[in-house]
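A.B. asks:
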Amino acid sequence: MIVKNYKIKNSSSTDIYISQDYNYYLELIGERDLIIITDNILYNLYPEAFKNKKCIVINHGEENKTLKTVEKIIENLIAFGADRNTLILGFGGGMICDITGFVAGVFMRGASFGFVATTLLAQVDAAIGGKNGVNFKNFKNYIGSIIQPEFVVCDANLLKTLPKLDYISGLGEVIKYAFISDLSFFEYLDENSNEILNQNPDILNYILKKCVEIKAKIVEEDSNDFGLRHILNFGHTIGHSIEIMENIPHGIAVAKGIIEEIKISVKLEYADKSLIEIAEKLISKFIPDYKCEIRQEHIDLLVKDKKKSGNMLNFVFLTNIGQPLIVKTDFQDIIKAIKS
Ligand code: GLY
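Residue numbers (this note's numbering): 181 to 520.
In structure tokens form, the structure reads like this:
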């Protein structure tokens with residue numbers, strides 16, 4: 181079932197498939213030559229997916245999302261005889277989607293590409309919206325572009341082999357969508373938390389559909405991330421320093437970041453303080469260890485991150501469930517609110 185097509189003005193269109201077996205991509209590539217980029221873990225976990233196919237297997241892990249790996253992939257593409265008519269398929273989680281999109285965008289000035297997204301995080305976020313790239317030295321996603329994939333296939337069955345912690349991490353991004361866009365979706369997550377944690381297929385497919393719809397709508401309006409798309413960063417400003425300092429999975433850090441950013445919203449008088457309790461009640465159902473004490477070292481990291489872009493930042497406040505507000509804010513006011 182195609183659940184969503186999003187079209188970027190004057191540009192490409194992406195078809196997103198949910199409740200579809202991952203092999204469905206074979207129907208989408210037609211007569212084109214196929215080359216798959218995946219990682220060593222998936223390659224060993226799903227041997228039947230790669231049998232008799234041209235595959236480029238890279239090492240799993242964000243630390244391998246580098247220009248060096250890009251070079252290795254391009255060497256392999258050339259060895260396989262790829263050209264601009266080749267369909268490059270990223271089969272994996274966020275890291276694979278990020279690097280595949282980037283390689284496809286630059287290889288021979290642009291080859292077609294699509295994704296089979298294999299993690300919850302990729303299915304609801306990384307595979308959708310065309311942001312791609314690699315890390316550079318200590319900077320995350322510093323080199324990249326925004327180019328939309330031709331298609332994204334999200335097969336919820338693939339999540340069965342996902343480590344529990346990675347699944348919970350994906351739920352961090354799911355929760356974020358509820359906070360930034362939809363009270364009824366928030367209530368749905370609240371009422372169905374056990375089924376969600378147990379990966380009830382119908383409920384999971386509903387969640388995937390909902391998140392994809394929310395993100396695709398935002399990307400359609402602001403694909404280049406000049407305005408509205410910033411709301412997808414809710415929870416991420418503080419979440420990023422929590423992720424680095426605590427060395428925890430991205431989505432879990434985002435969930436903790438959501439609570440801290442709501443506290444900032446309350447302190448700077450954008451929201452009523454009852455919102456903190458409402459947020460904690462929902463998040464604790466999925467992430468019992470949601471509390472985080474923001475220490476000076478988190479703030480130091482925030483300051484270091486911030487140095488890259490001046491004193492003001494477009495901070496995403498939450499005024500109520502489903503009601504984010506982007507406000508150009510003095511960075512010092514954010515720091516003061518965290519410390520108060
Ligand atoms: N993950 C944030 C975005 O796609 O804009």
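Glycine residues also receive a C-beta, built at the ideal position from the N, C-alpha and C atoms.
(1) Might you give, ordered along the chain, the residues of its own chain that have their beta carbon closer than 6 angstroms to the beta carbon of residue 216, omitting 5 neighbours on each side?
(2) Which term fits residue 322, buried or exposed, when burial requires 16 or more other beta carbons within 10 angstroms of its beta carbon?
(3) Taking residue 508 as the reference, give the member of 491, 516, 367, 502 with the closest Cα.
(4) Please report the distance separating the alpha-carbon of residue 389 from that of residue 298.
(5) Would residue 360 pass as a contact of residue 498 if the rule is Cβ separation under 9 angstroms?
(6) Could you name the residues that DSSP lists as bridge partners for residue 507?
(7) In the stretch 185 to 252, which residue ranges form an unbroken alpha helix (DSSP H) of at least 4 residues, counting only runs that do not cross its ends?
(8) Three or more C-beta pairs under 8 angstroms: does that hold for the stretch 412 to 419 against the stretch 332 to 341?
(9) Return the chain-ordered list of same chain residues with a C-beta closer than 7 angstroms to the C-beta of residue 239, the five sequence neighbours on each side being excluded.
(10) Who's in the neighbourhood of ligand 1, going by beta-carbon under 6 angstroms from any heavy atom, listed in chain order?
(11) Hey, how far is the Cα of residue 288 from the Cα of residue 263?
(12) Given 8 angstroms as the limit, is there contact between the stretch 439 to 449 and the stretch 335 to 346, that is, 3 or more CB pairs closer than that?
(13) Do the CB positions of residue 358 and residue 196 come within less than 9 angstroms of each other?
(14) Less than 8 angstroms between the CB of residue 274 and some heavy atom of ligand 3, yes or no?
(15) Can the beta-carbon of residue 308 be found less than 9 angstroms from the beta-carbon of residue 466?
(16) So what does DSSP say about residue 325, is it helix, strand or coil?
(17) Beta strand (DSSP E) containing residue 287: first to last residue?
(18) Taking the continuous beta strand (DSSP E) assigned at residue 332, which residues delimit it?
(19) If you drop the 5 nearest sequence neighbours on each side, which residues of the same chain put their C-beta closer than 8 angstroms to that of residue 282?
(20) Helix, strand or coil, according to DSSP, for residue 271 in the structure here?
(21) By a C-beta neighbour count over all protein chains shown, 10 Å radius and 16 as the cutoff for buried, is residue 247 buried or exposed?
(22) Identify every residue that forms a DSSP beta bridge with residue 294.
(23) CB residue 202 to CB residue 328, shorter than 9 angstroms?
(24) Residue 199 to residue 477, Cα distance in whole Å?
(25) Using C-beta distances below 6 angstroms, list every residue in its chain close to residue 370, excluding the 5 sequence neighbours before and after it, in chain order.
C.D. replies: Let me spell this out:
(1) 233, 235, 269, 271
(2) exposed
(3) Selected option, being the one with the closest Cα: 491.
(4) 15 angstroms
(5) yes
(6) According to DSSP, residue 507 shares a beta bridge with 495.
(7) Here the runs fully enclosed are 205 to 208, 220 to 225, 227 to 230.
(8) no
(9) Only 219, 220 meet the Cβ criterion.
(10) 305, 309, 311, 405, 409, 412
(11) 7 angstroms
(12) Verdict: no, contact absent.
(13) no
(14) Absence of ligand 3 from the depicted structure is noted, with ligand 1 being the only ligands included.
(15) no
(16) Residue 325 falls in the strand class under three-state DSSP.
(17) From DSSP, residue 287 is part of no beta strand (DSSP E); its letter is neither H nor E.
(18) 331 to 334
(19) The answer, listed in chain order, is 250, 312, 313, 314, 323, 324, 325.
(20) Under the three-state reduction of DSSP, residue 271 is assigned to strand.
(21) exposed
(22) 269
(23) Not in contact: residue 202 and residue 328 (Cβ atoms no closer than 9 angstroms).
(24) 43 angstroms
(25) 462
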